[in-house]
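Notes to accompany the following structure.
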Amino acid sequence: MPTVMKFGGTSVADAHAFENVARIVASQQRAAPVVVVSAMSGVTDALLAATVAAGEGRAEAAIASLEATFARHHQTAAKLLTPAAAQAFSKQVDNAAHQINELLRSSADNPLRRRPTQDAVLAYGEMLSSELLAEVINERGTKAQHVDARRCILTDDEYTCALPLMPDTLFKARDVLAPILENAFVPVMGGFIASTAEGTTTTLGRGGSDYTAALIGAALTADEIQIWTDVTGVLTADPRVVPEAQTIERLSYAEASELAYFGAKVLHPKTIQPAIEGSIPLRICNSRAPEEIGTLVGPQTETTDRTIKAIAHKSGVTTVQITSARMLGAYGFLRALFEVFERHKTVVDVVATSEVSVSLSLDDASALPVIVTELEQLGIVGVEKGCAIVCVVGEGLRGTPGIAARVFSAISDINVTLISQGASSINFTFAIEEERVEEAVRRLHAEFFGKRG
Ligand code: ADP
Ligand code: ASP
Ligand code: MG
85 MPTVMKFGGT
95 SVADAHAFEN
105 VARIVASQQR
115 AAPVVVVSAM
125 SGVTDALLAA
135 TVAAGEGRAE
145 AAIASLEATF
155 ARHHQTAAKL
165 LTPAAAQAFS
175 KQVDNAAHQI
185 NELLRSSADN
195 PLRRRPTQDA
205 VLAYGEMLSS
215 ELLAEVINER
225 GTKAQHVDAR
235 RCILTDDEYT
245 CALPLMPDTL
255 FKARDVLAPI
265 LENAFVPVMG
275 GFIASTAEGT
285 TTTLGRGGSD
295 YTAALIGAAL
305 TADEIQIWTD
315 VTGVLTADPR
325 VVPEAQTIER
335 LSYAEASELA
345 YFGAKVLHPK
355 TIQPAIEGSI
365 PLRICNSRAP
375 EEIGTLVGPQ
385 TETTDRTIKA
395 IAHKSGVTTV
405 QITSARMLGA
415 YGFLRALFEV
425 FERHKTVVDV
435 VATSEVSVSL
445 SLDDASALPV
455 IVTELEQLGI
465 VGVEKGCAIV
475 CVVGEGLRGT
485 PGIAARVFSA
495 ISDINVTLIS
505 QGASSINFTF
515 AIEEERVEEA
525 VRRLHAEFFG
535 KRG
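Residues 85 to 537 in this note's numbering are what the sequence shown spells out, letter by letter.
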């Protein structure tokens with residue numbers, strides 16, 4: 085049965101990286117690979133910046149800003165492909181540039197179309213990288229066929245963060261991909277991009293290529309979903325903060341979900357659910373060091389003698405406190421409170437309640453002013469911006485006493501708010517001020533995993 089192999093942006097950052105990917109795919113030919121690929125690293129950011137500039141009325145500057153991005157695609161193709169194939173690909177890049185420029189010019193006049201235009205522009209990143217990768221894999225001797233992912237992943241019209249329409253997506257993906265696999269070709273498609281039932285382009289939200297891979301894996305009941313990135317698996321902490329972080333060999337789905345949700349960027353949080361539903365193992369591997377054994381995520385829960393497996397963190401969080409004596413012994417209060425967030429489509433992450441107050445954290449505070457006005461009908465509202473969430477994760481937390489004491493003594497001089505231990509008891513989560521989060525994570529890592537050497 086097939087293996088889905090997803091390669092992130094850094095795995096296709098330049099010609100050398102494309103060569104590596106082609107080699108990795110060829111080496112797994114017998115596992116019936118289905119390849120999902122991100123845009124070349126930095127391309128989505130560049131396209132997004134251009135749509136923002138165009139939306140602010142600077143369409144010509146936006147268009148000029150993308151010249152380097154297109155040049156990079158031309159140059160990468162010229163290094164990788166035969167002259168004829170490179171020329172054909174360059175024509176596609178020129179077409180994409182032309183269409184993007186049209187979209188950027190028209191978006192300046194129509195603010196209502198801002199989000200659909202953004203998706204239409206961003207989609208070119210994945211379209212181009214996947215076309216190029218399919219060609220490179222072919223030229224290196226493995227039969228590959230490019231697939232437009234928008235034929236496989238169908239979503240609602242919530243542009244920039246669309247939700248897949250599940251039965252349709254499972255059916256379409258199977259319908260498109262099965263015949264290609266039967267003919268022993270490797271399907272190669274862009275991640276992140278999708279379309280509505282009417283055929284308008286949507287995207288699954290930033291970092292969404294992992295999610296595409298999981299959806300395709302579920303549709304094909306794949307043997308494994310592999311996420312190839314620039315680090316060897318899920319590490320005990322974010323390596324940009326803790327350079328000595330180590331690879332975790334095994335994680336349960338529940339542990340991986342908590343880590344992904346609370347900031348371990350290596351996995352998009354939505355990736356886990358389709359894997360759970362299909363009981364498909366997820367493997368996180370390093371495309372720069374394919375021989376290194378990464379992390380296997382599966383249904384098994386496995387405790388280690390270390391109790392905790394990893395520390396995740398995310399910054400840019402806002403916390404909100406609502407205090408009201410009316411809460412005491414009253415029912416319906418929490419419902420009224422959460423309905424405010426629901427009305428404004430705002431996701432609440434961590435919640436802690438006492439008799440008379442509720443504290444919660446938000447990732448996206450864009451609707452906060454109106455939310456606060458409505459919450460003020462319920463009680464006294466306090467808002468704290470510039471917070472960070474730290475989440476300590478491990479199946480071993482279940483029933484191990486003293487973890488909270490170790491956490492708090494390691495960071496005893498840092499003010500901790502909003503403490504929550506999830507119902508699953510495999511995470512211990514709290515908020516602190518953003519400015520001290522890296523220091524806190526480093527200290528916790530030293531406490532639970534020891535220092536290097
Ligand atoms: P890709 O482009 O392959 O999707 P991402 O940049 O989205 O890659 O994710 C990989 C990055 O996630 C790593 O380079 C690392 O900096 C970051 N990261 C954060 N937390 C973790 C963690 N716990 N384990 C591994 N990587 C992490
Ligand atoms: N290219 C998209 C992004 O940068 C999707 C992805 O890489 O997963 O967000
Ligand atoms: Mg990613």
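The beta carbon of each residue, even a glycine, is placed where N, CA and C say it ideally should be.
Since the structure is predicted, the reported quantities are computational estimates derived from the model, not experimental observations.
Option in 423, 242, 335 with minimal Cα separation from residue 510
For the purposes of this step, residue 510 is identified with residue 426 of the sequence shown, where counting begins at 1. Out of 423, 242, 335, 335 has the C-alpha closest to the C-alpha of residue 510.
Just the C-alpha distance for residue 254 and residue 371, rounded to the nearest angstrom, thanks.
The residue you call residue 254 lines up with position 170 of the sequence shown. The residue you call residue 371 lines up with position 287 of the sequence shown. So the alpha carbons of these two residues sit roughly 28 Å apart.
Using three-state DSSP, classify residue 90 as helix, strand or coil.
As a working mapping, residue 90 is identified with position 6 in the sequence shown. Of the three classes helix, strand and coil, the one that applies to residue 90 here is strand, per DSSP.
For residue 346 and residue 473, which I take to be in contact (beta-carbon distance under 8 Å), what is that distance rounded to the nearest angstrom?
Residue numbering aside, residue 346 sits at position 262 when the sequence shown is read from its first letter. Residue numbering aside, residue 473 sits at position 389 when the sequence shown is read from its first letter. Their Cβ separation, rounded to whole angstroms, is 6 Å, which keeps residue 346 and residue 473 in contact under 8 Å.
From residue 314 to residue 422, what does the alpha carbon distance come to, in whole angstroms?
One-based indexing of the sequence shown puts residue 314 at position 230. One-based indexing of the sequence shown puts residue 422 at position 338. Each residue's alpha carbon lies about 39 Å from the other.
Given a cut-off of 8 Å on the beta-carbon distance, is the pair residue 471 and residue 402 in contact?
Translated into positions along the sequence shown, residue 471 becomes position 387. Translated into positions along the sequence shown, residue 402 becomes position 318. In contact: residue 471 and residue 402 (Cβ atoms closer than 8 Å).
Ordered along the chain, which non-local residues of its own chain (more than five positions away) have a Cβ less than 8 Å from that of residue 279?
By one-based count along the sequence shown, residue 279 stands at place 195. These residues qualify, in order along the chain: 234, 235, 237, 238, 239, 285, 286.
Measure the C-alpha to C-alpha separation of residue 368 and residue 119 and round it to an integer number of angstroms.
Counting from one through the sequence shown, the residue named residue 368 turns up at place 284. Counting from one through the sequence shown, the residue named residue 119 turns up at place 35. In this model, residue 368 and residue 119 are separated by some 14 Å (Cα to Cα).
Collapsed DSSP secondary structure at residue 250 in the structure displayed:
Here residue 250 is taken as the residue at index 166 of the sequence shown, counted from 1. Reduced to three states, the DSSP call for residue 250 is helix.
Could you name the residues of the same chain whose beta carbon sits closer than 6 Å to that of residue 449, not counting the 5 residues immediately before and after it, in chain order?
Within the sequence shown, numbered from 1, the residue matching residue 449 stands at position 365. Same-chain partners within the cutoff: 402.
In whole angstroms, what is the alpha-carbon distance linking residue 107 and residue 180?
The residue labelled residue 107 in the question sits at position 23 within the sequence shown. The residue labelled residue 180 in the question sits at position 96 within the sequence shown. Cα-Cα distance, rounded: 28 Å.
Out of curiosity, what's the CA-to-CA distance linking residue 505 and residue 358?
Against the sequence shown, residue 505 aligns to sequence position 421. Against the sequence shown, residue 358 aligns to sequence position 274. Approximately 25 Å between the Cα atoms of the pair.
Could you pull the start and end residues of the alpha helix (DSSP H) that residue 370 belongs to?
Looking up residue 370 in the sequence shown gives position 286. Unbroken run through residue 370 is the beta strand (DSSP E), 366 to 370; no alpha helix (DSSP H).
Given the structure, does residue 433 come close to the ligand COA, in the sense that its CB is under 7 Å from one of the ligand's heavy atoms?
As for the ligand COA, it is missing from this structure, which binds only the ligand ADP, the ligand ASP and the ligand MG.
Please classify residue 91: is it buried, with 16 or more other beta-carbons within 10 angstroms of its beta-carbon, or exposed?
Taking the first residue of the sequence shown as position 1, residue 91 is located at position 7. Under the 10 Å beta carbon count, residue 91 is surrounded by 16 or more other beta carbons and is classified as buried.
Complete runs of the alpha helix (DSSP H) confined to the segment 162 to 231 [at least 4 residues]:
167 to 193, 198 to 223
Cα-Cα separation, residue 376 to residue 309:
Here residue 376 is taken as the residue at index 292 of the sequence shown, counted from 1. Here residue 309 is taken as the residue at index 225 of the sequence shown, counted from 1. So the alpha carbons of these two residues sit roughly 17 Å apart.
Three-state secondary structure assigned by DSSP to residue 429:
Position 345 of the sequence shown, counted from the first residue, corresponds to residue 429. Three-state DSSP puts residue 429 in coil, outside helix and strand.
What does DSSP give as the partner residues of residue 511 in its beta bridges?
Position 427 of the sequence shown, counted from the start, is the residue given in the question as residue 511. Beta-bridge pairing links residue 511 to 477.
Can at least three beta-carbon pairs, one atom from the segment 213 to 220 and one from the segment 153 to 172, be found at a separation below 8 Å?
yes
N- and C-terminal bounds of the alpha helix (DSSP H) containing residue 406:
For this step, residue 406 is matched to residue 322 along the sequence shown. Not the alpha helix (DSSP H): residue 406 falls in the beta strand (DSSP E), residues 394 to 407.
For residue 321, which option in 442, 245, 525 has the closest C-alpha, if you only look at C-alpha atoms?
The residue labelled residue 321 in the question sits at position 237 within the sequence shown. Nearest option by C-alpha distance: 525.
Using the Cα positions of residue 97 and residue 124, report the straight-line distance between them to the nearest angstrom.
Stepping through the sequence shown from its first residue, residue 97 is reached at position 13. Stepping through the sequence shown from its first residue, residue 124 is reached at position 40. One C-alpha to the other measures close to 5 Å.
Examine the Cβ distances between the segment 173 to 191 and the segment 132 to 140 and report whether three or more of them are shorter than 8 Å.
yes
Check whether the segment 525 to 534 and the segment 486 to 505 are in contact - that is, three or more C-beta pairs closer than 8 Å.
yes
Pull the bridge partners of residue 438 from the DSSP assignment, please.
The sequence position of residue 438 within the sequence shown is 354, counting from 1. DSSP, once it has assigned bridges, lists no residue as partnering residue 438.
So, using beta-carbon positions, are residue 173 and residue 228 closer together than 8 Å?
As a first step, residue 173 is located in the sequence shown; it is residue number 89 there, counting from the start. As a first step, residue 228 is located in the sequence shown; it is residue number 144 there, counting from the start. Cβ distance not < 8 Å, so residue 173 and residue 228 don't count as in contact.
The ligand MG and residue 294: does any heavy atom of the ligand fall closer than 7 Å to the residue's C-beta?
Stepping through the sequence shown from its first residue, residue 294 is reached at position 210. Yes, the Cβ of residue 294 comes within 7 Å of a heavy atom of the ligand MG.
Between 100, 86, 145, which has its C-alpha nearest residue 161's C-alpha?
Within the sequence shown, residue 161 is the residue found at index 77, counting from 1. For the residues 100, 86, 145, the minimum Cα distance to residue 161 belongs to 100.
Could you tell me the distance, in whole angstroms, from the CA atom of residue 153 to the CA atom of residue 130?
Residue numbering aside, residue 153 sits at position 69 when the sequence shown is read from its first letter. Residue numbering aside, residue 130 sits at position 46 when the sequence shown is read from its first letter. C-alpha of residue 153 to C-alpha of residue 130: approximately 8 Å in a straight line.
Residue 324 - DSSP class collapsed to helix/strand/coil:
By one-based count along the sequence shown, residue 324 stands at place 240. It is coil, neither helix nor strand.
Tell me where the beta strand (DSSP E) around residue 382 begins and ends.
Position 298 of the sequence shown, counted from the first residue, corresponds to residue 382. Where residue 382 is concerned, the enclosing beta strand (DSSP E) starts and stops at 379 to 382.
Looking at the unbroken alpha helix (DSSP H) that takes in residue 122, where does it start and where does it end?
Working through the sequence shown from its first residue, we reach residue 122 at position 38. Secondary structure note for residue 122: it is in no alpha helix (DSSP H), with a DSSP letter that is neither H nor E.
Short of 8 Å in beta carbon distance, which residues of its chain neighbour residue 518, apart from the five on each side in sequence? Order them along the chain.
Taking the first residue of the sequence shown as 1, we reach residue 518 at position 434. So the list reads 399, 400, 401, 470, 471, 472, once near-sequence residues are dropped.
Using CA coordinates, which residue listed in 488, 417, 251 is at the minimum distance from residue 528?
The count along the sequence shown starts at 1 and reaches residue 528 at position 444. Selected option, being the one with the closest Cα: 488.
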